[in-house]
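One point on numbering: in the working numbering, the residue at position 302 of the sequence shown is 302, and numbering is uninterrupted.
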Amino acid sequence: MDQVLAAVDIGGTKITVSLINGHGFLAKIRQLTRKTGENKVVPQQILQLLDQACQTARINRKEIKEIGISACGPFAKTSHGFVLKAANLCGGLAKEKKDIPNDWTEIPLEQELKPLFSRLELVNDAISSAVAEKHFGSGKNVDNFVYVTWSTGIGAGAYVDGHLVEGKNKNGTHLGHTFITTSFAGLPQCGCGDYGHVESLVAGPAIARDFGASTAEVFEKYRQGDVKAKQVIENATHILTLGLVNITCILDSELIIMGGSVTKNWDIVYPLIKKTFYTSFPPLTQGVGIIRSELADYIGDLAALSLIMPVAWIKGWQQHRPWENAPITINLDE
Ligand SMILES: [Zn+2]
């Protein structure tokens, strides 16, 4: 129980490093993700944050033998290990010049970090969120479920017949970059460079773009009865739901667990999702549960650590739910 593990969440905006033991969180540190300099900057930043977290928790960094990393993805397997090829971090990946201040085409996470630990687990953050749901959330006793995040991006992670779906490069169930239409004329470009992807049409930034205000403001307007807000949200929710139907048809899931900032408006989106989902080919959609994650506010913290948590700790964590009273995150940018 006294062993200390490190969990890292790499987002397009922020990196969070947490230290945990069998009882709960020892430290949580967050900083804006660095995007300038060499492509090793991100793993170096992780190590610096880890050092700071260890200082806060008053432990020696050498005691940390296992590290779980959850990142926005996608990943690729190379001769120098798994690399992160995220279009929101690597400026060199965008098909058209974007506002990312570097020309990276990959971030060498495994090469830089693996030699320092005896165990490193690295997966897409939606897949690790599915693991968190399996350990601590609504996926606990469910063999076939999908976790879907609806936020700045669209991601999914799934269990099929009790097994986590990872795929050859741990990019399995990448719902955000699946095509949802065959006519691309006039469509906005996806962050990945393609057209017609689910993410480019329904993620938070797409809702904001289609209305011309922040996503939160669009929902606010919806609540005030604004006709355009209603149209934008109904359209985005309809397209996302078609994506949910697609993934259900492919995996034959029994439950869809949804997280991400857009689902904070569950009272608005759920009735819309229901309407489209259950009228789509009922033999495949009937009886499939669609719920909002009960871990939604904590999933970022739980996802990466779920990858490395020893089985012996899980019961205690389920009982005491230490994520609900984790120490306040130290934000280095404030
Ligand atoms: Zn895409």
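Just so it is clear, CB atoms sit at the ideal spot from N, CA and C, and this is done for glycine as well.
| Asked | Found |
| --- | --- |
| Within the continuous beta strand (DSSP E) that includes T149, where are the two ends? | F145 to W150 |
| Within the same chain, show all residues whose beta-carbon is closer than 6 angstroms to that of S70, passing over the 5 residues directly before and after it, in chain order. | D9, D125, S128, A303 and A304 |
| Going by the DSSP bridge assignment, what does I67 pair with across the sheet? | A6 and L120 |
| With distances taken from CA atoms, which of A203, K85 and T181 is nearest G196? | T181 |
| Is it right to say F184 is buried, meaning 16 or more other beta carbons lie within 10 angstroms of its own, or is it exposed? | exposed |
| Which of the three DSSP states is assigned to T16 in this structure? | strand |
| Can you tell which of Q189, R223, G153 and H135 has its C-alpha closest to the C-alpha of H163? | H135 |
| Just to confirm, are V41 and R34 a CB contact at a threshold of 7 angstroms? | yes |
| By how many angstroms is the C-alpha of S293 removed from the C-alpha of V131? | 13 angstroms |
| So, with DSSP's three-state summary, where would you put Y298? | coil |
| Do three or more CB pairs link the region 230-246 to the region 207-217 at distances below 8 angstroms? | yes |
| Would you decide whether T36 is buried or exposed? Buried here means 16 or more other CB atoms lie within 10 Å of its CB. | exposed |
| Which one of V146, F75 and W317 has the shortest CA to CA distance from N171? | F75 |
| Measuring alpha carbon to alpha carbon, tell me which residue in I67, Q52 and A53 is nearest M309. | I67 |
| To the nearest angstrom, report how far apart N331 and G11 are at their CA atoms. | 15 angstroms |
| Quick one: what's got a C-beta closer than 6 angstroms to H320's C-beta in the same chain, skipping five residues either side? | none |
| Does the region 241-260 come into contact with the region 210-229, if we say contact requires no fewer than three beta-carbon pairs (one atom in each stretch) closer than 8 angstroms? | no |
| Our contact map puts P188 next to E112 with C-beta atoms below 8 angstroms; I'd like the distance itself, whole angstroms only. | Actually they do not touch by this definition, with Cβ atoms about 34 angstroms apart. |
| Please state if the CB of F82 and the CB of L122 are separated by a distance shorter than 7 angstroms. | yes |
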